[in-house]
Amino acid sequence: MSSDIFQDIKNDFPIFSNQINGKDFVYLDSAATTQKPNDVIDSVVHYYKNCNSNIHRGIYSISIEATELYEDARSNIGKFINAKSSHEIVFTRNATEAVNLVANTWASQNLKEGDSIILTEMEHHSNLVPWQILAKKLNLKLNFIEIQPDGELILDKLDNLFQENAKFLSLTHVSNVLGTINPIKDIISKAHEHGITTLVDAAQSVPHMPVDVQDLDSDFFVFSGHKMLGPSGIGVLHAKKTLLENMEPFLYGGDMISNVSLREAQWNDVPWKFEAGTPNIAGAIGLGKAVDYLNQIGMDVIHKHEQELYNYAIDRFSELKDFKIFGLENKHSTGGVISFSYSDFHPHDIATILDGESIAVRAGHHCAQPLMEKLGVPATTRASFYVYNDTSDIDKLFNGLQKVRSVLT
Amino acid sequence: MSSDIFQDIKNDFPIFSNQINGKDFVYLDSAATTQKPNDVIDSVVHYYKNCNSNIHRGIYSISIEATELYEDARSNIGKFINAKSSHEIVFTRNATEAVNLVANTWASQNLKEGDSIILTEMEHHSNLVPWQILAKKLNLKLNFIEIQPDGELILDKLDNLFQENAKFLSLTHVSNVLGTINPIKDIISKAHEHGITTLVDAAQSVPHMPVDVQDLDSDFFVFSGHKMLGPSGIGVLHAKKTLLENMEPFLYGGDMISNVSLREAQWNDVPWKFEAGTPNIAGAIGLGKAVDYLNQIGMDVIHKHEQELYNYAIDRFSELKDFKIFGLENKHSTGGVISFSYSDFHPHDIATILDGESIAVRAGHHCAQPLMEKLGVPATTRASFYVYNDTSDIDKLFNGLQKVRSVLT
Amino acid sequence: MSEDIYKEIILDHYRNPRNKGSLSNAEISAQDNNPVCGDRLSIDIKLEDNVVSDIKFDGEGCAISQSSASILTEMLMGKTVDELSKFTKDELLEELGTPSLGPARIKCALLSLKVLKMGTYQYLGAELPSDSDN
Amino acid sequence: MSEDIYKEIILDHYRNPRNKGSLSNAEISAQDNNPVCGDRLSIDIKLEDNVVSDIKFDGEGCAISQSSASILTEMLMGKTVDELSKFTKDELLEELGTPSLGPARIKCALLSLKVLKMGTYQYLGAELPSDSDN
Ligand SMILES: Cc1ncc(COP(=O)(O)O)c(C=O)c1O
Ligand SMILES: Cc1ncc(COP(=O)(O)O)c(C=O)c1O
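Chains as they are written, first to last, in the numbering used here: chain Z, 277 to 685; chain A, 277 to 685; chain G, 48 to 181; chain L, 48 to 181.
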């Protein structure tokens with residue numbers, strides 16, 4: 277492979293020291309969630325064992341330490357995506373909550389009856405259903421950027437979609453089913469020409485490639501910590517500061533206020549205005565450490581690693597009869613995801629039989645039912661890669677797929 | 277003390293094996309957040325090291341295992357508060373989010389212009405500000421159950437408050453400043469006679485005393501995991517199942533749906549309908565373990581332990597000049613919380629000087645500014661107890677308070 | 048939770064489904080699907096004197112759901128409507144030979160039974176008993 | 048983060064605040080509070096030929112905020128308005144003798160400076176420069 281960094285990397289991830297079903301564990305479901313390196317687990321444990329306390333309002337030493345760790349994590353994550361200021365980083369539970377936050381605040385305040393929201397046909401349910409509901413509530417129109425059979429967006433009709441009533445565009449950076457990297461910088465720039473505000477669902481891009489929110493010029497930008505080596509229950513909303521400052525809060529309660537009387541309240545500064553109640557402190561700290569770990573390898577190195585794995589896999593799987601990779605012709609793939617069909621074997625049977633070989637892949641609609649419909653299948657099997665995967669994992673998947681055929685025919 | 281269980285209990289909590297500022301650590305801020313026992317930390321680590329994966333949709337072994345752990349935690353927590361069914365337990369980030377969930381769903385759907393919401397003057401901001409905002413949005417009235425100087429609710433005017441337009445009552449079970457245990461069973465029963473739906477903020481009761489939601493007959497009931505030995509970032513909404521079933525969802529996205537097309541979606545069953553996106557899996561699992569730990573001791577034993585500490589503290593502190601405990605005359609105190617003033621020393625100075633002695637107490641408004649106003653102080657100093665505290669902690673606090681006087685006079 | 052659940056009987060019925068197709072004028076007829084995996088299943092039953100005289104299933108889906116449907120149709124032939132309404136999931140799972148199917152796949156195995164129950168209760172004009180939760 | 052921040056000078060000014068009170072007809076006058084801890088502070092300044100000729104502070108709060116205000120008033124006597132507007136927090140913190148006050152208490156120490164700046168900028172008709180974040 278491209279880099280020796282990946283040689284012994286599985287040792288950093290304690291889950292790979294276990295045998296599962298008596299065999300070495302092959303994890304190929306990182307698009308759903310990623311495994312955690314010791315650094316991240318240790319940082320969570322360190323917080324619990326050494327400075328576990330509530331933040332922001334404590335005067336004593338461990339609370340000051342915890343507050344610093346929490347806010348340092350915010351800065352760290354801000355730098356990772358090149359945010360202009362760490363005050364543009366709002367901690368949420370996950371990407372889903374971040375999308376809902378924007379739907380309930382900025383979009384609810386600024387969109388009016390007759391306006392339209394532009395989405396794509398390849399959105400994850402989390403970047404689709406919140407807009408369906410908002411559209412019903414405010415009488416908005418939803419319009420979709422369609423996709424070609426190879427999984428690329430059809431962009432030559434953008435000028436039609438970006439007409440007068442279009443006010444908001446929410447789209448995924450990378451498809452969680454096909455791995456397509458959408459040319460969001462161009463799309464955002466065109467959207468801005470039409471005065472359209474934009475949200476990028478970066479749940480599948482930030483973990484896998486270098487990303488620069490200032491360069492992309494996105495207005496809102498969301499991702500999940502658990503998909504990038506980080507802990508459970510922490511996600512991020514990035515937004516331009518002036519947007520955040522002009523938005524009403526999302527949830528109300530402790531910590532997001534500056535002053536409260538029985539009938540009135542004033543808000544804290546951004547980003548805290550959007551973090552009501554005691555946050556997932558350990559989660560934020562762990563995500564900061566995950567970013568350190570990723571930075572040590574380098575996001576460009578990770579991106580290249582996954583593309584090499586992808587090419588190796590495509591090559592190997594070409595030997596399999598009736599094996600079809602969705603979006604294979606697509607030239608803009610992260611390399612992190614392979615969705616496939618295999619003869620007429622049902623994805624659930626494939627996944628179950630692979631599990632018997634201690635290989636974890638996902639089978640189902642991947643929270644993208646409209647895309648499944650477009651692809652003409654009820655479900656696919658999906659193998660997805662990350663830093664800890666190597667060609668031996670792909671070889672084992674290859675052998676597993678042969679086993680599937682022998683069991684089912 | 278009452279029970280030998282508490283003899284060596286500090287050994288279960290790794291934070292107490294550290295010295296802080298060169299001295300044994302005395303933690304007296306459990307009302308803000310509690311320390312974590314090894315059992316809880318280990319359960320989080322176990323998840324990350326052995327079955328870290330996304331839940332509900334995975335077909336492979338570790339995902340099945342993680343799903344079981346997550347759903348077992350739900351059952352466990354349901355039993356802990358004697359919920360009728362584990363399907364009445366919704367995981368949230370914290371108590372604050374749970375209150376906001378109800379404000380944005382049930383209350384938004386069912387309250388109409390002119391209706392009134394009843395609160396009390398001792399609410400935490402998290403059970404106050406969401407209702408202020410909803411009241412503004414829907415033109416509702418807010419009415420407050422007042423408190424006496426000793427910290428008890430004035431209940432003889434309830435009949436006036438519970439008049440025709442009163443439709444919703446949201447009140448705290450135990451005050452986080454005064455420790456007052458409100459007679460919520462009676463209040464709820466009276467509210468129900470008037471057709472008033474109820475929410476109980478149990479953030480300070482569930483951790484400290486036996487609680488039975490069927491006996492209390494609350495409609496909605498919220499608490500936070502981090503205040504009961506559980507991890508960061510996990511909280512609970514309990515609600516009667518028919519209420520949950522008739523509520524619109526709160527957040528939209530993956531996992532809370534059963535079926536999605538480009539323009540329509542159907543919802544999953546309760547409680548999953550209210551858990552959009554990848555949840556805090558490790559958090560839920562850890563909270564399940566916290567409940568096991570608390571059960572091993574017994575909630576009645578914990579309650580008694582805290583009351584013994586409280587009585588011991590009151591006794592010792594009576595020797596201090598100009599030392600005033602707020603709500604001391606109150607006969608219904610958990611025993612978990614002592615808020616005090618001490619001469620004219622400012623709470624921040626008290627807390628800072630105690631920190632120098634490695635004693636953590638809280639100073640400030642405790643997210644209850646209206647209550648502070650009622651008490652006629654800008655802030656108080658608060659010491660709060662939990663399972664791991666003992667009389668030696670109180671002795672050290674006593675010595676610390678003498679040091680405060682010697683530094684500041 | 049491994050290929051062990053693909054017992055011979057399941058694979059046999061998966062490869063050679065029995066009673067596949069549909070019946071016109073069936074007295075009992077129902078269908079359902081599992082959107083998570085796209086399994087789709089319909090069952091048609093003809094009755095004579097309250098006894099199953101013919102039965103067919105149709106659908107698409109995984110080996111477990113389809114073979115379970117095929118096996119179920121064989122088990123039901125000749126049964127009375129009363130017996131249909133009382134048929135238990137344990138009977139079906141025992142016949143499948145995979146009692147420890149695990150939570151991820153058990154829904155697949157029980158889809159056919161769910162469809163049977165929907166149809167039978169509808170025929171009887173009764174309400175489907177809901178699973179007890181917890 | 049301990050009692051070490053209670054240096055002699057702080058305790059001296061806490062116990063015996065200088066220039067406490069208010070001035071009528073002050074040219075510069077401002078007040079602010081910190082709702083988190085309930086600190087409250089006002090500063091009044093009389094100018095003669097653009098030079099501080101009298102200065103008083105009033106308020107309630109912790110030892111740090113009140114002594115810092117008292118110390119600040121002593122430091123400002125005789126300064127020009129231009130010098131007031133350029134006065135830095137480092138000058139004040141150095142005088143307090145507690146450069147490592149820590150994030151939890153530094154706001155207390157700087158409340159008096161914040162009030163001074165509010166009043167001075169208002170007097171000058173200029174906009175208060177916002178702190179750079181991050
Ligand atoms: C009575 C009460 N309600 C609500 C809360 C809010 O809890 P959280 O910050 O975990 O949402 C607290 C904790 O500070 C509390 O004491
Ligand atoms: C493209 C995309 N968007 C959003 C999400 C939702 O992420 P989460 O469940 O962490 O909120 C996912 C993950 O499943 C995803 O792949």
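No residue lacks a Cβ here, since even glycine has one placed at the ideal position from N, Cα and C. Predicted, not measured: the structure shown is a model, and the values here were computed from it.
Quick one: what's got a C-beta closer than 8 Å to A/G652's C-beta in the same chain, skipping five residues either side?
Taking the first residue of the second sequence as position 1, residue 652 of chain A is located at position 376. Excluding sequence neighbours, A/G652 sits near nothing in its chain.
Counting Cβ pairs closer than 8 Å, one from the stretch 623 to 630 of chain A and one from the stretch 113 to 132 of chain L, do we hit at least three?
no
Select from Z/A655, Z/C643 and Z/F599 the residue whose C-alpha is nearest the C-alpha of Z/L673.
The residue labelled residue 673 of chain Z in the question sits at position 397 within the first sequence. Z/L673 has its Cα closest to that of Z/F599, out of Z/A655, Z/C643 and Z/F599.
Which residues, in chain order, does the stretch 143 to 174 of chain G contribute to contact with chain A at a C-beta distance below 8 Å?
G149, P150, A151 and R152
Chain-ordered residues of the stretch 327 to 344 of chain Z with a beta carbon less than 8 Å from chain L
R333, G334, I335, Y336, S337, S339, I340, T343 and E344
Shorter than 8 Å from the beta carbon of A/S534 to some beta carbon of chain G?
Position 258 of the second sequence holds residue 534 of chain A. The beta carbon of A/S534 sits closer than 8 Å to some beta carbon of chain G.
Could you give the DSSP three-state label for A/F282: helix, strand or coil?
Within the second sequence, the letter at position 6 stands for residue 282 of chain A. Three-state result, A/F282: helix.
Skipping 5 residues on each side, what residues in its chain have a beta carbon closer than 6 Å to that of Z/G427?
On the first sequence, residue 427 of chain Z is found 151 positions in, with the first residue counted as 1. Counting only Cβ-Cβ distances below 6 Å, and skipping sequence neighbours, we find L454, T456, G603 and N606.
Contact list for the stretch 56 to 85 of chain G against chain A, Cβ threshold 8 Å
P82 and V83
Rounded separation between Z/A552 and Z/M532 - CA only:
Along the first sequence, one-based indexing puts residue 552 of chain Z at 276. Along the first sequence, one-based indexing puts residue 532 of chain Z at 256. Going from the Cα of Z/A552 to the Cα of Z/M532 covers about 5 Å.
Whether Z/L414 touches Z/L434 by CB criterion (8 Å)
Taking the first sequence and counting its residues from 1, one reaches residue 414 of chain Z at position 138. Taking the first sequence and counting its residues from 1, one reaches residue 434 of chain Z at position 158. No. Outside cutoff.
Three or more C-beta pairs below 8 Å linking the stretch 503 to 523 of chain A and the stretch 364 to 379 of chain A:
yes
Exposed or buried, what is A/G471 when buried is set at 16 or more other beta-carbons lying within 10 Å of its beta-carbon?
In the second sequence, the residue the question calls residue 471 of chain A occupies position 195. It counts as exposed.
Three-state secondary structure (DSSP) of A/K597
The residue you call residue 597 of chain A lines up with position 321 of the second sequence. Coil.
If I'm right that Z/R369 touches A/N556 with Cβ under 8 Å, what's the distance once you round it to whole angstroms?
Position 93 of the first sequence, counting from 1, holds the residue named residue 369 of chain Z. Position 280 of the second sequence, counting from 1, holds the residue named residue 556 of chain A. The pair is a contact, with the Cβ atoms about 7 Å apart (cut-off 8 Å).
Determine whether the Cβ of G/G108 lies closer than 8 Å to any Cβ atom of chain Z.
Within the third sequence, numbered from 1, the residue matching residue 108 of chain G stands at position 61. So yes, G/G108 belongs to the interface.
A/D631: first and last residue of the uninterrupted alpha helix (DSSP H) it sits in
Counting from one through the second sequence, the residue named residue 631 of chain A turns up at place 355. Element bounds for A/D631: P623 to G632.
For A/G530, which residues from the same chain have a beta carbon less than 8 Å from its beta carbon, with the 5 sequence-adjacent residues on both sides left out?
Start at 1 with the first residue of the second sequence, and residue 530 of chain A comes out as number 254. Same-chain partners within the cutoff: A552, G553 and T554.
In this structure, how does DSSP classify L/E107 when only helix, strand and coil are distinguished?
By one-based count along the fourth sequence, residue 107 of chain L stands at place 60. Residue state, collapsed to three classes: strand.
Roughly how many angstroms separate the alpha carbons of A/D631 and A/Q542, rounded to a whole number?
Indexing the second sequence from 1 puts residue 631 of chain A at position 355. Indexing the second sequence from 1 puts residue 542 of chain A at position 266. Their Cα atoms are separated by approximately 53 Å.
Determine, using beta carbons only, whether A/S322 comes closer than 8 Å to chain L.
Along the second sequence, read from residue 1 onward, the residue named residue 322 of chain A stands at position 46. With the sequence shown as reference, residue 322 of chain A is identified as His, and Ser is not the correct amino acid for it. No, its Cβ sits nowhere closer than 8 Å to a Cβ of chain L.
Run the proximity test for A/H332: is its beta-carbon closer than 7 Å to any non-hydrogen atom belonging to ligand 1?
Numbered from 1 along the second sequence, position 56 holds the residue referred to as residue 332 of chain A. No, ligand 1 has no heavy atom inside 7 Å of this Cβ.
In whole angstroms, what is the alpha-carbon distance linking A/F499 and A/V450?
If you number the second sequence from 1, residue 499 of chain A lands on position 223. If you number the second sequence from 1, residue 450 of chain A lands on position 174. For A/F499 and A/V450, the distance between alpha carbons rounds to 11 Å.
For Z/Y569 and Z/V320, which I take to be in contact (beta-carbon distance under 8 Å), what is that distance rounded to the nearest angstrom?
Position 293 of the first sequence, counted from the start, is the residue given in the question as residue 569 of chain Z. Position 44 of the first sequence, counted from the start, is the residue given in the question as residue 320 of chain Z. That pair is no contact at about 13 Å.
Endpoints, the beta strand (DSSP E) within which A/V405 is located:
By 1-based counting over the second sequence, the position of residue 405 of chain A is 129. Here A/V405 belongs to no beta strand (DSSP E); instead the alpha helix (DSSP H) covers V405 to L414.
Please name the residue, chosen from A/S534, A/G574, A/W548 and A/F444, that lies closest to A/E389 on a Cα-to-Cα basis.
Numbered from its first residue, the second sequence carries residue 389 of chain A at position 113. The residue with the shortest Cα to Cα distance from A/E389 is A/F444.
Taking Z/N452 as the reference, give the member of Z/T685, Z/N522, Z/F616 and Z/S293 with the closest Cα.
For this step, residue 452 of chain Z is matched to residue 176 along the first sequence. Comparing Cα-Cα distances from Z/N452 to each of Z/T685, Z/N522, Z/F616 and Z/S293, the minimum goes to Z/F616.
Near Z/V567, which residues of its chain fall below 7 Å by C-beta distance, leaving aside the five closest residues on each side in sequence?
Position 291 of the first sequence, counted from the start, is the residue given in the question as residue 567 of chain Z. Answer for Z/V567: N352, I353 and F356, listed in chain order.
Distance between beta carbons of G/G85 and Z/P654, contact taken as under 8 Å
Locating residue 654 of chain Z in the first sequence gives position 378, counting from the first residue. Locating residue 85 of chain G in the third sequence gives position 38, counting from the first residue. Cβ-Cβ separation between Z/P654 and G/G85: approximately 2 Å, consistent with a contact (criterion under 8 Å).
Can you look up A/H514 in the DSSP assignment and give me helix, strand or coil?
Taking the second sequence and counting its residues from 1, one reaches residue 514 of chain A at position 238. It is a strand residue.
Sequence-distant residues of the same chain with beta carbon closer than 8 Å to A/Q385, five excluded per side:
Counting from one through the second sequence, the residue named residue 385 of chain A turns up at place 109. Cβ within range, chain order: M523 and E524.
Taking only three categories from DSSP, how would you classify Z/K697?
Because chain Z here runs from 277 to 685, residue 697 of chain Z falls outside it and cannot be looked at.
What residues in the stretch 448 to 479 of chain A bring their beta carbon closer than 9 Å to a beta carbon of chain L?
none
What is the DSSP secondary structure of G/N81, counted as helix, strand or coil?
As a working mapping, residue 81 of chain G is identified with position 34 in the third sequence. Note: G/N81 maps to strand in three-state DSSP.
Starting from Z/L377 and walking both ways along the beta strand (DSSP E), at which residues does that stretch end?
Against the first sequence, residue 377 of chain Z aligns to sequence position 101. Where Z/L377 is concerned, there is no enclosing beta strand (DSSP E), although the alpha helix (DSSP H) it sits in stretches over A371 to V378.
Kindly list, in the order they appear in chain A, the residues whose Cβ is closer than 7 Å to that of Z/G640.
The sequence position of residue 640 of chain Z within the first sequence is 364, counting from 1. What Z/G640 touches in chain A: R333.
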